[in-house]
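As given, the protein sequences belong to chains G and Z, one line each in that order.
Take any residue in the first sequence, count from 1 to its spot, add 521: that is its number in the working numbering.
Take any residue in the second sequence, count from 1 to its spot, add 836: that is its number in the working numbering.
Here the structure is laid out as structure tokens; the discussion comes afterwards.
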Amino acid sequence: MSNLLDLLVAGLATGAIYAIVAVGFTLLWQTSQTINFAQGEFVMLPAFLMLAAMHAGAPFWLAILIGILLSLLLLGLGFKMLLVDPMLRHGVLPLAIATMALAIGIKEAVKQFFSAEASPFPSLLPAGDVAIFGRMVSLQSLGVLVLAILAVVGLTAFLNRTSIGHQMQAAAQNPTVARIIGVPVERMILLTFLINALLVALASLLITPIYLAKFSSGEVLGQAAFIAAIVGGFNQVRGAIAGGLLIGVVDNLAAAYVSTQYRAAVPLILLIVIILFRPQGIFGRAEERTV
Amino acid sequence: MKPGILAGAVLATIWTGAAFAQSGGTIRLADVAELSGGGATVGTNWKNGIDLAIEEINAKGGILGNRLEVTHADSQSNPGMARAQVQKALDNEPYVLLGPGYSGSVKVTAPLAAEAGIAQIMGGEAAELTQAGNKFLFRTSFGQQSSMPKVAKYINDDLKAKSVAIVWVNNDFGRGGRDVIAREFARFGIKVAADLSTEAGQADFAADVSKIKAASPDAVFIYLNEEESARILKELKRQGVTVPLIGETTLVGQKVVELAGDAANGARGHVGLTTDAPVDLVKAFREKFVKKYNYIPDHNGIKGYLAIYMIKAATEKMGKVDAKKLADTLHGLTIKAANEPGILMDVTFDQNGDIDRQGFLVEIVEGKQVIKQVLPKLN
């Protein structure tokens, strides 16, 4: 039982990070039909931007700010203007392939200009344990979970309770009608890309102290988040959140109770089952788009 | 000149050229290493050690007047890619093949070098590598059959552990180490409380550490590659595991300390090579390496450096550059640091290509390797 609690907390903490990344997947799909296969590399890159800032002499807090700003610029604005806009007019598939090329480009560039070796990355959260139900639970795991939940709750509140959030939803649901009623659709789409950049920078900040900064670390994350988004429902933010948490927990339980060797296969099996019996995902809605 | 004599002269010229395969005063070496992928730390250190040694030797006039040249190829930490790169490297007829560092990659490339009759000086530590009768394969560090008995003895005699959890990486290196240590534990009557295989490149060790906690062992034996070692040390600390953590070189290396930070403190292990060794020549090597590359090398950096000085010592003993006879010369050869300072510590190669050299038991204290015991050379 105590072992199960450890596994659940660790799984939820990892799953919460998958959820943040998966939400980015769904947001981009909703507003611009972009399936970003470079999403994992988008999580890997901000950590290196922050490390580069620290190597240049910036303290950690400033490096975080620089990393976030550069992420907004490169992974938000730059990604949209330089890759998505020119490619999208040729269809969803060429754009998806272009993001695959981008993933390779980012990985190789980090390897070339930074290092092929892993690098340590400082943690935002303090080390140590806290007692929950008589069990000592890692503060870092709890901190990751809490920060990730706050990010997701904040994003949901922003989308559902602010005027800009409503405009973003309108732009996603029906861009033509949204334009007629005066919603600046292009600006809303850009905002989605910036939010995605912010989410991946946060995920990078939370996961890199555990996984270490390495050019290849986005591969696992990108795959897990993609599966999470499909399992939860690609067209619903809440689906991506549920999918992320579910994949995190299932992955940990599979490693503990099934087999370490087959742990990577278990989320994929879950994906197959979901596609067979509920193709729109756990919380997804068929043929509908909302943010 | 008669045509027959002319043909003979031409053939003699060609033959002479072949005998001095490294013509023009250049000895060509081929290195295939893990320059990217999971073993990037291993390969990068190995490569840098090689380059440093070559630079030193060339600055002093080379080997028997011949300059050394090396080509580095990236195996991407993938045995299939390593084999392809070695095949390509052998096509250029190098004097010696250097690397790879991963045992799995050594296993699939060793037959190619043996078939070409080229000595292969590598970094792999799996016990089986030198037990297959290959007469061209040479280690730069201890094999598992030499190091694991010392680790098991330490766990039994010093830690007095009665049950141990074994965590190993599921590849040739990890499996080989796990099999040898499990055998040694059985010999000492130590119970294996948990036997956990993990994957190369694994990022998340939360589930594995939960299993260790559930097994409540007296100690944990960790046999993973460097990056994974760092990740599991961090997770062990995160989940509050406080029993002794024991391993081999890959648990207490410099890179692991750098990556794991505080979590590496208290980890103990047997190391064949460490830049913290209380040996003047090793300290001098460390200074030169840090000056050139601006970081402290791990044991793989020393291995790469030693590989080149092994070639130098054996070639000078032969008195000629002869790729075909180099392996024969290395078998049974003892190289004394007093005669060849680049070899750092006295070393003897047996008929299998295994080495005999002094070793160390170390513990990580406040982010530094502290030598607890020096284990002398056997012969």
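By construction, the Cβ of each residue, glycine as well, lies at the ideal position given by its N, Cα and C atoms.
Since the structure is predicted, the reported quantities are computational estimates derived from the model, not experimental observations.
Residue closest to residue i, alpha-carbon to alpha-carbon, out of the options
| i | options | result |
| --- | --- | --- |
| A534(G) | A776(G), G686(G), V665(G) | V665(G) |
| P643(G) | P788(G), Y783(G), A749(G), T729(G) | T729(G) |
| S1065(Z) | T547(G), G754(G), Y732(G), S737(G) | Y732(G) |
| I796(G) | L766(G), A749(G), G769(G), V758(G) | A749(G) |
| F654(G) | L791(G), N524(G), V794(G), I793(G) | N524(G) |
| K943(Z) | K1153(Z), E929(Z), Q967(Z) | Q967(Z) |
| T1170(Z) | K1156(Z), Y1145(Z), L1211(Z) | Y1145(Z) |
| Q1055(Z) | A1103(Z), A1043(Z), R1067(Z) | Sequence check: residue 1055(Z) is Ala here, not Gln. Nearest of A1103(Z), A1043(Z), R1067(Z) to A1055(Z), Cα basis: A1103(Z). |
| V1093(Z) | G612(G), A531(G), S640(G), I768(G) | S640(G) |
| L614(G) | L583(G), T555(G), S780(G) | T555(G) |
| Q551(G) | M571(G), L680(G), E740(G), A786(G) | L680(G) |
| F1021(Z) | K998(Z), G1012(Z), A1050(Z), P1080(Z) | K998(Z) |
| G935(Z) | E891(Z), N884(Z), N902(Z) | N884(Z) |
| F972(Z) | N992(Z), Y931(Z), V987(Z) | Y931(Z) |
Buried versus exposed, by CB contacts within 10 Å (16 or more), residue i
| i | result |
| --- | --- |
| S684(G) | exposed |
| M621(G) | exposed |
| I538(G) | buried |
| N1130(Z) | exposed |
| P788(G) | buried |
| G612(G) | exposed |
| N756(G) | buried |
| E1224(Z) | Coverage of chain Z is limited to positions 837 through 1215, which leaves residue 1224(Z) absent and any answer about it impossible. |
| N783(Z) | Residue 783(Z) is absent from the model: chain Z starts at 837 and stops at 1215. |
| A1001(Z) | buried |
| A855(Z) | Caution is warranted here: a pLDDT of 40 is assigned to A855(Z), below 50, making its placement in the model unreliable, and the coordinate value is therefore given only provisionally. Answer is exposed; the Cβ neighbour count stays below 16. |
| F1041(Z) | buried |
| T862(Z) | exposed |
| L888(Z) | buried |
| R682(G) | exposed |
| L586(G) | exposed |
| M689(G) | buried |
Whole-number beta carbon distance between residue j and residue i, since they are thought to touch under 8 Å
| i | j | result |
| --- | --- | --- |
| R725(G) | A568(G) | A quick correction: the sequence has Ser, not Arg, at residue 725(G). Right, the Cβ-Cβ distance comes to about 5 Å (below 8 Å), so this counts as a contact. |
| V673(G) | V544(G) | 7 Å |
| G1189(Z) | R919(Z) | Contact flag wrong, Cβ pair sits at about 20 Å. |
| E982(Z) | A777(G) | The identity of residue 982(Z) in the sequence shown is Ser, whereas the question assumes Glu. The Cβ separation is near 34 Å, so there is no contact. |
| V752(G) | G802(G) | 6 Å |
| T781(G) | E1063(Z) | 17 Å between Cβ atoms; not a contact. |
| V721(G) | V564(G) | 5 Å |
| I1207(Z) | V1198(Z) | 6 Å |
| D1112(Z) | N881(Z) | Actually they do not touch by this definition, with Cβ atoms about 15 Å apart. |
| G1083(Z) | G1105(Z) | 4 Å |
| L609(G) | S553(G) | 6 Å |
Min CB distance residue i to chain Z below 9 Å
| i | result |
| --- | --- |
| N773(G) | yes |
| F581(G) | no |
| L726(G) | no |
| L609(G) | no |
| G765(G) | no |
| L528(G) | yes |
| T535(G) | yes |
| P567(G) | no |
| K735(G) | yes |
| A573(G) | no |
| I541(G) | no |
| A777(G) | yes |
| N695(G) | no |
Proximity test, Cβ basis, 9 Å: residue i and chain G
| i | result |
| --- | --- |
| Q858(Z) | Low confidence applies here, because Q858(Z) scores a pLDDT of 48, under 50, leaving its location unreliable; read the following figure in that light. For Q858(Z), the answer is no, since every Cβ of chain G falls outside 9 Å of its Cβ. |
| S872(Z) | yes |
| R1074(Z) | yes |
| E1094(Z) | yes |
| S977(Z) | no |
| G1037(Z) | yes |
The ligand GTP heavy atom lying under 8 Å from the CB of residue i
| i | result |
| --- | --- |
| G649(G) | Questions concerning the ligand GTP fall outside what the structure shown contains, since it holds no ligand whatsoever. |
Note down, in chain order, all residues in the stretch 636-647 of chain G with a beta-carbon under 7 Å from any beta-carbon belonging to chain Z. Going along the stretch 636-647 of chain G in chain order, one finds A637, E638, A639, P641 with a Cβ nearer than 7 Å to chain Z.
Please list, in chain order, the residues of the stretch 646-663 of chain G that have any C-beta partner in chain Z closer than 8 Å. If the cut-off is 8 Å between Cβ atoms, the stretch 646-663 of chain G has A648, D650, M657, S659, Q661, S662 near chain Z.
Short of 8 Å Cβ to Cβ, which residues in the stretch 984-1013 of chain Z face chain G? Of all residues in the stretch 984-1013 of chain Z, N1006 have a Cβ within less than 8 Å of some Cβ in chain G.
Could you run through the stretch 1096-1123 of chain Z and flag, in chain order, every residue whose CB is less than 9 Å away from some CB of chain G? Listed in sequence order: A1096, G1097, D1098, A1099.
Taking a Cβ distance cut-off of 7 Å, strictly less, list which residues of the stretch 782-798 of chain G are near chain Z, in chain order. Taken in chain order, the members of the stretch 782-798 of chain G whose beta-carbon sits within less than 7 Å of a beta-carbon on chain Z are Q782.
At a Cβ cut of 8 Å, what residues of the stretch 918-930 of chain Z count as close to chain G, listed as they run along the chain? Residues of the stretch 918-930 of chain Z with a C-beta atom less than 8 Å from some C-beta of chain G do not occur.
Taking only beta carbons into account, state which residues of the stretch 1021-1032 of chain Z come closer than 9 Å to chain G, listed in chain order. Taking 9 Å as the Cβ-Cβ cut-off against chain G, the residues of the stretch 1021-1032 of chain Z that qualify are L1032.
Contact set between the stretch 1079-1093 of chain Z and chain G, restricted to residues whose Cβ is under 7 Å from the partner: Residues passing the 7 Å Cβ filter: none.
For the stretch 737-757 of chain G, which residues have a CB atom closer than 7 Å to at least one CB atom of chain Z, in sequence order? From the stretch 737-757 of chain G, only S738, V741 have a Cβ closer than 7 Å to chain Z.
Beta carbons nearer than 9 Å to chain G: which residues of the stretch 1047-1059 of chain Z have them? Within the stretch 1047-1059 of chain Z, contact with chain G at the beta-carbon level (separation under 9 Å) is assigned to K1047, K1049, A1050.
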